[in-house]
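S.K.: Below is a structure I'd like to ask you about.
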Amino acid sequence: MIDSSLMWRIAGGSGDGIDSTSQNFAKALMRAGLNVFTHRHYPSRIRGGHTYVEVRAADEPVQSRGDGFNFLLSLGDSFARNPQDEAYYGTEQVKPLVEQFDDLNEGGVIVYDSGLLESEMVAETDLEERAAENNWHVYPMNLRGIARDHGREVMRNTAGVGATAALLGMDTSYFESLIREAMSGEIMDANLAVLEEAYERAAALDTDHDLEVPTGEHDSQQAMLSGSNAIAYAALDSGCRFISGYPMTPWTDVFTIMSQNLPRFGGIAEQVEDEIAAAALAIGAAHTGVKAMSGSSGGGFALMSEPLGLAEMTETPIVLVEAMRAGPSTGMPTKTEQGDLEHVLYTSQGDSCRLVVAPGNLREAYDQTRDVFRLAYDYQLPGIVLYDQKLGGEMRSVSTEFFDREPAPDPGSVISEDELAEAAHDAAGKYMRYDTDGTDGVVPRSVPGQEGGRFLATGNESMEVGHISEDPDNRTAQMDRRLEKLDAIREELAEADHQTLHGPAEATHGILTWGSNQDTVFEAVDRLRADGYDVHAMGVSDLMPYPKEAVAGFLSGVEECLVVEMNATAQFRGLTQKQLGRFGSTMSSLLKYDGETFEPGEIVEGFESNIDGQEPAGNVRLATGD
Amino acid sequence: MTSFSAIGADREATKEEFTPGVEPQPTWCPGCGDFAVLKALKGAMPDVGRTPEEVLLVTGIGCSGKLSSYFESYGYHSIHGRALPVARAAKLANPGLEVVAAGGDGDGYGIGGNHFMHTARENHDMTYIVFNNEIFGLTKGQTSPTSPKGHKSKTQPSGSAKAPVRPLSLALASGASYIARTAATNPRQAQEILAEAVEHDGFAHIDFLTQCPTWNKDAKEYVPYTDIQQDDEFEFDISNRKEAGEAMYEAETRLAEGEVLTGRFYERERPSYGEEKRATGEMPDDPLAERYFEDGDWGRTADSLLDRHT
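This is the structure:
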């Protein structure tokens, strides 16, 4: 269990370099021997609007954001356009300071840039009052002035890092080397000078806080990656050499990483006119023998519905990734949610015949994306990696040994020309590509250009060689064969064991969750157990085919179970009840749909409220199964 | 040693090889213009030395979409309006394939109009045949994007208030590098034009007038047709965008008035998308599809991408 951790939040305007500064800060802590985790919060704007990133660091593994945070570096929003208090959105410049107050823990430290947030402006806020109430330690520093004196104003984030280092008792050498790696010439020298000056000025301050940076040591080399990195790298290591897409937050991260790296791996990336085309191109490339993927977020994925069904019907293997954000419609483009579960499971006409997996964390994102590629290409159907803004954007430190894997470029169930010479053909010489005698429903596919392999793939129901057929017996046989593939996949998935358990198996209470909440739930379980509750948890990844046996086993063993998910209508609990046909009165839901991720403390409180029959505080909701 | 030995095989195919040896027989109505497309395509492929298994024919939905059922080659019968994005990815994945896409006027100029514009713009080395019958046939005679203004149908009971799409002009503005119009009533010209389109290194668009005797016009309404290359009234340079544009405008306007102008409207070489993409270093020289059938080094992310994260 994590007893103490540094939870450093940097806040400023979008465009103030919050993202890159936080990444460097986290990387420096990682190199210093700590485990790190980052949590991003940003608006749907290019410049202005307030953004923050939290970096959590501890000696123990950190797999979730914490409860609130304990160190604020507030740069203020240098792109603020609206100085009016009365305006709908209030005074924007000072927001990166005042909007953090609710989450800052007692005894916390605040450094703000008094060069931008002038004393009159700050005096109008309730900082003084709240600092007194909460025992905050406030250090105004003219970061803008330091940056200006030694370089340029934009370097005030470097000044903030220097001040942070001094106030937390950190060595600046890791920051210096990161600056040296990323920059050169005058810019590098100026940043180093800004870092040093800010450090010295902060070190000279009269301080009264006791927060310090933790110390730790790694036994192996660490890397810091996002969930989007893990998904993209798994695709590359699976031999995926084609991606087609259209930009949409937050899926754009995977699309960008793939587009930047595919050429060096000899592949092709295509940015196309819309998501219908994106999915159709992936189908065209896959049909022609290449391992291909596409993806989007909710709205773009909606456009992929019809091609998705085409891939199911023609048995063209494609991998799609869906990065959920808060809906409905445009919703909150940069905020997280798990509201697309039912959309992804069932969209497109007819009975669904697809694989849907939602990884619980960075490692699972890599492992399970590889499994999705393997199964999609072995069983010739669409495989979908369902994740969200949270998992895609959060970064974690992980041992580099984890990625020490061999590529798996096998194209799956594809026939060779030699095998085609022996295979069954009709009288016209067409290959029986949709023969109803396939093993586990699978008939190896031929690829255009192969001698002896020609067939027709069609979105219509068809006979063995692909000619359109509405014969009832053929229809039933073909439907049965296609759906039989899901039974075989269910068995393979049982072996892959994607569901993750946490805590002792014999506990009386359970918490069930799916996708990216997993590690936050696990941290909550540790705390609840420390408080004397007999509870354990399961994080589910497999959604179609649904892991009936594993979840039923978990639910059978507990008296009560709380189902944690980020949506308003308890979609996963509904799915579980539908799939298992029981446990309706065992399960109740803890839901959050305000665009923010769960904090472990919210799950702890939600669990206790559920037992006590109370309503939880804040933007979480309890809902019963009855 | 290739894994796709049908591609570039040193063999002459006959027209008969492009006809399925067993059922199905076409379900098109007697007198349908679609038969002429099928016949012209079967004739054009041997003319330009292609064999059935190096051709991928991707079709949309509608009567025209059935073309892939009655033409012997690799076929992909996709969904309404989406033949082009499927087809162009196939060409990128394996540039050795001869890729032909086909669909109706509703499919290509209506629901799939966005793909038409962008595929032309990108100038993929492929052929796109649009069966233009100026009507929705398979769904029983509704007004289509190419139906003339005033066209009455069950869905436009007072007559369409919309002017028709100008398909040739649209192709030119979008960037197609070969643009022609032919008619089912002119089989010889149709076969020649299809052969030229297949040979053309870039996006070749053929607006193929196919009468729909059941719901719209019968063949005699596309007769007489004028071949603009043979008519003194239309002397123009088909490599000149401006002159070509004027000829297209004329042909489109006169079709609505009942005059049928066919022939080559535009032809100009420009690098195909594959060439452009290879020039930017974003497409491999060897066909991507081949790689999955050969031993080779696939690279590991652990070796090349992890350092930046440490």
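Residue numbers (this note's numbering), protein chains in the order written: chain A, 687 to 1312; chain B, 2 to 311.
In this text, a Cβ means the ideal position worked out from N, Cα and C, and glycines have one as well.
Computed from a prediction, not measured in an experiment: that's the story for all the values here.
1. Verify the CB distance criterion: does Gly981(A) have a CB-CB separation below 8 angstroms to chain B?
2. Measure from the alpha carbon of Asp202(B) to the alpha carbon of each residue in Glu123(B), Asp233(B), Leu169(B), Tyr226(B), then state which is nearest.
3. In the DSSP assignment, the alpha helix (DSSP H) including Tyr1052(A) goes from what residue to what residue?
4. Taking Val59(B) as part of the beta strand (DSSP E), name the residues at either end of that continuous run.
5. Counting along the chain, where does the beta strand (DSSP E) carrying Lys1278(A) start and finish?
6. Using a beta-carbon distance cut-off of less than 9 angstroms, what residues from the region 968 to 994 of chain A approach chain B?
7. Taking Cβ positions only, does Tyr110(B) come closer than 8 angstroms to chain A?
8. Under DSSP, the beta strand (DSSP E) around Glu740(A) begins and ends at which residues?
9. Give me the Cα-Cα distance between Asn828(A) and Gly801(A), rounded to the nearest whole angstrom.
10. Can you give the Cα-Cα distance for Ala1236(A) and Ile943(A), rounded to whole angstroms?
11. If I measure Cβ to Cβ from Asp1280(A) and keep anything under 7 angstroms in the same chain, skipping five residues before and after, which residues do I get?
12. Are there 16 or more other CB atoms within 10 angstroms of the CB of Asn133(B), so buried, or fewer, so exposed?
13. Nearest by alpha-carbon distance to Leu307(B): which of Ala920(A), Val780(A), Met1273(A) is it?
14. What does a CB cutoff of less than 6 angstroms around Leu1077(A) pick up in its chain, not counting 5 residues either side in sequence?
15. Going along the chain, which residues of the region 714 to 728 of chain A sit with their C-beta nearer than 9 angstroms to a C-beta in chain B?
16. DSSP three-state label for Ala181(B), please.
17. Using a Cβ-Cβ distance under 8 angstroms, would Phe5(B) count as near chain A?
18. Using CA coordinates, which residue listed in Ser1099(A), Leu1241(A), Val1084(A), Gly1287(A) is at the minimum distance from Ser1271(A)?
19. What are the boundary residues of the beta strand (DSSP E) that Phe928(A) is part of?
20. Using a Cβ cut-off of 9 angstroms, pull out every chain A residue sitting near Ala102(B), in sequence order please.
21. Among residues of its own chain, excluding the 5 on either side of Pro96(B), which ones have a beta-carbon nearer than 7 angstroms to its beta-carbon?
22. Could you check how far apart the C-beta atoms of Gly113(B) and Gly104(B) are, in whole angstroms? I think they sit under 8 angstroms.
23. Below 8 angstroms between beta carbons: does that hold for Gly1115(A) and Gly22(B)?
24. I'd like to know whether the C-beta atoms of Gly762(A) and Leu790(A) end up nearer to each other than 8 angstroms.
25. Give me the Cα-Cα distance between Met807(A) and Val847(A), rounded to the nearest whole angstrom.
26. Rounding to the nearest angstrom, what Cα-Cα distance links Gly160(B) and Thr1033(A) in this structure?
27. Taking the beta carbon of Leu853(A) as the centre, do at least 16 other beta carbons fall within 10 Å, making it buried, or is it exposed?
28. If you drop the 5 nearest sequence neighbours on each side, which residues of the same chain put their C-beta closer than 8 angstroms to that of Trp29(B)?
29. Under 9 angstroms, CB to CB, which of the residues in the region 1114 to 1140 of chain A have a partner in chain B?
30. Considering only their Cβ atoms, is the gap separating Ser982(A) from Glu961(A) smaller than 8 angstroms?
31. Can you look up Asn828(A) in the DSSP assignment and give me helix, strand or coil?
32. Mind listing the chain A neighbours of Arg89(B)? Cutoff is C-beta to C-beta under 8 angstroms, in chain order.
33. DSSP state of Thr858(A), grouped into three classes?
34. For Asp894(A), count neighbouring Cβ atoms within 10 angstroms of its own Cβ and tell me buried if that reaches 16, exposed if not.
35. Using 8 angstroms as the limit for Cβ to Cβ distance, is His1153(A) near chain B?
36. Grab the span of the alpha helix (DSSP H) containing Ala37(B) for me, first residue to last.
M.R.: Taking the geometry as given:
1. no
2. Glu123(B)
3. 1048 to 1065
4. 56 to 60
5. 1273 to 1278
6. Ala968, Ile969, Gly970, Ala971, Ala972, His973, Thr974, Gly975, Val976, Lys977, Ala978, Glu992, Pro993
7. no
8. 736 to 744
9. 4 angstroms
10. 34 angstroms
11. Asn1305
12. buried
13. Ala920(A)
14. Gly913, Ser1202
15. Met716, Arg717
16. strand
17. yes
18. Leu1241(A)
19. 928 to 931
20. Neighbours of Ala102(B) on chain A: none; closest Cβ ~10 angstroms, over 9 angstroms.
21. Gly275, Pro288
22. 7 angstroms
23. yes
24. no
25. 23 angstroms
26. 36 angstroms
27. buried
28. Asp35, Phe36, Cys64, Lys67
29. Ala1114, Gly1115, Lys1116, Ser1132, Val1133, Pro1134, Gly1135, Gln1136, Glu1137, Gly1138, Gly1139, Arg1140
30. yes
31. coil
32. Leu967, Gly970
33. coil
34. exposed
35. yes
36. 35 to 48
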